[in-house]
Structures are given as C-alpha cells and as structure tokens.
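Report on the structure given below.
Residue numbers (the numbering used here): 315 to 980.
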C-alpha cells in the first residue's frame, strides 16, 4: 500500500455543462450558457384548487378585490391575470390602487380552451411598496364570472355588493357561501430574490480514474471557484456537502455549508465520505438586477491509496445503469395504500395482465381495458342533454371513483378520467406510470424493457364504437411524451408511426392536435391516497389551473393565436417551468454500481437506485443464485473470471433493470 497526493478538478462551463445540474424554476439558463435569475415572478395566493361552481358574478354593484403584497415595486412590467369567463364585447374595468388601469374587452373570435386565463397589462407606476389593491367591476348587461378557491388565509380577496363602498372578506361567491381567494395572479417582470443551482452527486474518488473501479481516497483540501458578474445588490454564494453514499440521505451526508466550513468539519477527511455536491445561490436585493454565473470549477486535493489489485484486474464487461434525476420531486403512490389493493382486486387487474409476455404488453392490455369500461364516455355531455351522466358529475382523478361512476353512466368520462384510471391501474399491479397533460390528457408508463418513459394514450378519440388506444414509435422505438411533444413543436415527423389496431388519426394529425401549446407534467401519482391538491370537479372541463404542475419551456412553445394580429405568447399563469429534459425524463428501477478498491482481493460495492416502493437489492455473483444483499458490501474476488450482477426489487416483487460487471483477476 502506498499513499500519494493528487489534485483533481472539474469545470462546468457553457450550456451543455450547466444543463447537467439541477436548477429551480427561479433560475434561467441562457442560450449562451450563463446561469442567472429568471426575469419573472408570479404572485399567487391560491394553487387553482377550484370546482366548476365556486363562482362569483361581477356585474353592476357587485365588485371584487384582490390584494397582493409587493416588497419592491421597482419592476420592468406587470400584468394581472384573472381566471374569468369571457363575455363578448363586455367591458371589464381594472383599478389598481384606486386608479383606473385598464378596460378589457373580449372578442368572440379569440375564444379557445386557454382563454379564460386573461392577461391584463397595466402601468407599473401604479404599484406601491406593501399592500396593492386590484379591483374589478363591469357595467355590462352580462358581466364576468370569476372563480374562487376556498381558504382562510391569507385573506386577501373581498367582495363588494355596493359598488366598492364596503368590502366583505368572508362571504364571497354567487350565494355568499365561499371564503377564500379569487383565481387572480400577478405576473411581474422582475428578478426574484433568490434561486438555486445544485450539482449532480459527484464521486471524487471516481474522478481520479477512467476505469469503473475507484481507488480509496481521503479528501485533504477543497476549493470551489467561479467566474461571473455580481452587480450592486446581487451576490453569488457557494455551499457544499459530502456523504458516504452515492446519493443524499440525511443519515449519511452532512448539511450544506461553505467549502471553508466543510473542510474544517469532522467528516472531511473520512475516507468513506468521498461523495460531494455543490450548490450555488444567486441572490439579489434589486428586482432589476441579477448576478450571472459563467463557469464553476471544483478542485480537490486527495490522498490516494494505490492498490496492487489495479494491475491484477482486467475489465471484460461493464454495463452500468446511470441514474438520471429531475430537479423536482415526484410524489409516488405508496405501496401500502389500502385503496390500491382494492382497485387491483375489485377490477381483477391481475387477470387483465395475465399471460402478457412482456411488461410493455401489460401496459397495452391495461390501456385497452380502461378504455373498454366506457360505453358512453366522451359523448356524455351531448347524450345526456348537457348533463355529465345521470348525476351530472365530473369525477376527480381517483381511479376507484371514476370506474365506479363512469362504467354505469353516472358521470362524465373523458381523457382526464381515462388517463387517471390507467395510471392508477398500472400502479395497482406494481408498474409505474404518470399523467402528462396537454390540450389532451395522456399518460406515460416507465418501461424497464426500453429504459425510458413511454407515452400511451388510452383515449385516442371520442368514438365509443372504435375506442382507439395507441402509442407513438420512432424508427421502431416507443416514444416518450417529451419526445412526441418536441416532434410536434419541431414539425419533425420523420420515422414516427402511430401504433394502434383502430387508428383514428395519422401520427402527424394526432401530434399537431395534442401539442400546439401546453406541455405539462403532473408531479405526483398518489391520488388514491389523497386527492389534494387537485382541481376537484373542474379538471379537464376548464383550462388547467393547478399551480403545482411542471410546464415544459421552449422558445417554440407558445399560446395559441387567438385571432389575426393577436400574437402568441407563453402561458404566464403557472409558476414552475423547465427547459431541462432530465426534469421530465428521469429514470427509474435501475441498479447503479459504484466500485472501489478495498483490501487485496476485495472490492467495495455500493448500489444506488431510484425505485418507487423499493424493497431490496438482488445480487448474483458468478454462477451463484440471486440473493438479497445490502446496498453496500465487500465482493471477494477469485482467480480468473468474476461477474457481479445487481437489480432492484420493489415491494410488489417486480424486478428492475440489471447492471453487470465482469472482470478477470490474476
């Protein structure tokens, strides 16, 4: 054994490097590769949790008021965005802090699915520090309908029944039964006070070698330097943390601290703590100024223990899965939810997938089964005289409730219900799925076979006789939702096929129809445990309102053109946007191997995974049987060929994707 000191470094610079790192929605990665604060703040006191009938009619003496707190009104521009029903040529008057700021009139030729969210710009000079009042009233014969989310706080919405002379903060709505906040949001063109950029998990031991086996190292010193600009009132602040496992756990990692404090901490020179992350906070006190980060360099001095096994080991095969992570968390449906078991047993889902030869065939069977449950689905509103089934109801995204109501024609059935039911049926048999929303609601299933998310649409058309279900493939490979979305945005249909036994459209027709605007990811699939937060009974009938979804951001994504001469623009009423593909296409069910020299003839093995409802790792060494192993263990080598395979297993007993290493030891 021999120790030596070495220096390692890694620089992040330019668009591709910085696109690897996690960033929150307050950060913008420019085309030139600079990281800066996003010039956009959305103020919202509600999250869009509304029903179809929590309404307020603004007309005549009935006025409404929405208040917003603004720390610094020195902003570039602003627009207030109410969610309203449009009345042709009706005047809607906006007053800001007692001054008439705008008179809005809607034209019928503008009407489309997204036009209830209405941007109304006004002079920023009308804003003030502290509490700002936005008052709406209409003198027309029809008036405007606003929506309300019930809540007790922050109590910044009010109704007047006497033309603005007195205000009631507790009794709102058409019959004064609501107490909450109007769906009115304020978009400010300004820089937010703070945003974070966070590196992937870095194994400094692996950075010393190009091979798959890292030496044993000890951190001695650490420096993190950056290049950028910090105008007056702005700052770039760097933090770091280290851990003994390949990804963060509060039990095995330190908390965030400055690099200087980290070096002085008790774990810094612990050889087991060779995993590291850095985090940068971009901050500003001036809403018109932002710092910019152009490059960041991580440098470390290490004590490296040379192993004699480096000369004795020759790698024959290394097939290691790489985990891709999103900047945003996702709430997975827990395995032990009783209603998940009820769904599986009540509808005999094991029978539905029985005999399927592949995982992908299970997805297709479940999609066909879900669509077949409706005999009067999409057409409910027409066939029932405008009612949504016998009881005139639009179910929330709860698969048990949807299937129980809709197969009996009691309630509406459409794409939002089909996709929610499909996702939850997949979850009930141990498969992972999630909803992806556009002007049409679809779903994606995680495919271990293809190692990717695959878009599956179980509501391919409104014809209950045909019941089209389909997926897209490009050059024979099923496409993800994001891949299909980008193809539509780019108008690039080469090699794309719509795969269906009963196609209703060509691939190009369907892509153009679905994604000429929205691209939304629902960042949870635990609806069987909790409906909240969601849009209650308004989902799908009204434009998407819930402000917890993640929007895909692209220069090619824009709002539908309402009329000639009215320009398209990005959807401004959502908070979370991302242009980072990995934020939508993270990976699951993998076993990522981390190998390190230990004592002679032995390797330290650590396995990392992102497996929802993870249960255990199975490991196969040489010709032995698969056995359960912990996430960290020592692998004893024999003379000659050695192989190790690993895979995760979830609590349903379904196995994940295998990683493998084969080496010769002499």
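Even glycine gets a Cβ: it sits at the ideal position worked out from N, Cα and C.
- Assignment of residue 474 by DSSP, reduced to helix, strand and coil, places it in the strand class.
- Around the Cβ of residue 669, a 10 Å sphere holds fewer than 16 other Cβ atoms; the residue is exposed.
- Under the Cβ criterion (8 Å, minimum of three pairs), the stretch 607-617 counts as touching the stretch 537-548.
- Taking a 10 Å sphere around the C-beta of residue 658, we find 16 or more other C-beta atoms and assign the residue as buried.
- DSSP places residue 492 in the strand class (E or B) of the three-state scheme.
- Here the alpha carbons of residue 758 and residue 778 stand approximately 22 Å from one another.
- The continuous alpha helix (DSSP H) containing residue 677 extends over residues 673-686.
- Per DSSP, reduced to three states, the secondary structure at residue 647 is coil, with no helix or strand assignment.
- DSSP places residue 894 in no alpha helix (DSSP H); its state is neither H nor E.
- For residue 798, the enclosing alpha helix (DSSP H) has its first and last residue at 795-804.
- Listed in chain order, the beta strand (DSSP E) elements of length 3 or more contained wholly in the stretch 733-799 are 747-751, 755-761, 766-770, 785-788.
- Between the alpha carbons of residue 823 and residue 358 lies a gap of roughly 36 Å.
- In this structure, DSSP gives residue 448 an extended state, which the three-state scheme calls strand.
- In the DSSP annotation of this structure, the continuous segment of the alpha helix (DSSP H) that includes residue 824 starts and ends at 821-828.
- Residue pairing by DSSP places residue 357 opposite 500 in a beta bridge.
- Taking 8 Å as the upper bound for CB-CB distance, residue 369 and residue 460 are in contact here, some 7 Å apart.
- Residue pairing by DSSP places residue 841 opposite no residue, since no beta bridge is assigned to it.
- The C-beta of residue 901 has 16 or more other C-beta atoms within 10 Å across all chains shown, which makes the residue buried.
- Taking the C-beta atoms as reference points, residue 906 is found nearer than 8 Å to residue 636.
- In this structure, residue 980 and residue 961 do not form a Cβ contact; the two beta carbons are roughly 28 Å apart against a cut-off of 8 Å.
- The C-alpha of residue 451 is placed about 14 Å away from the C-alpha of residue 498.
- For the set 751, 563, 558, 364, the Cα lying nearest the Cα of residue 519 is the one of 558.
- If the five residues before and after residue 654 are omitted, its C-beta is found closer than 7 Å to the C-beta atoms of 647, 741, 742, 842, all from its own chain and listed in chain order.
- Segment contact: the stretch 474-489 against the stretch 382-400, fewer than three CB-CB distances shorter than 8 Å; contact not assigned.
- Counting other Cβ atoms within 10 Å of its Cβ, residue 363 reaches 16 or more and is therefore classed as buried.
- In this structure, residue 721 lies away from residue 737, with their beta-carbon atoms at least 8 Å apart.
- Contact check for residue 508 and residue 416: beta-carbon distance about 31 Å, past the 8 Å limit, so the pair fails to qualify.
- DSSP places residue 392 inside the beta strand (DSSP E), whose first and last residues are 391-396.
- In the DSSP assignment, residue 329 falls within the alpha helix (DSSP H) that extends over 328-333.
- Looking at the backbone, the Cα of residue 589 and that of residue 533 are separated by about 10 Å.
- According to DSSP, residue 835 shares a beta bridge with 750, 864.
- Our two residues, residue 553 and residue 942, have alpha carbons roughly 37 Å apart in a direct line.
- Residue 437: not part of any alpha helix (DSSP H); DSSP gives it neither H nor E.
- When DSSP states are grouped into helix, strand and coil, residue 665 belongs to the helix group.
- In the DSSP assignment, residue 851 falls outside any alpha helix (DSSP H) and carries neither an H nor an E.
- Excluding sequence positions up to five before and after residue 790, its CB lies less than 6 Å from no other CB in the same chain.
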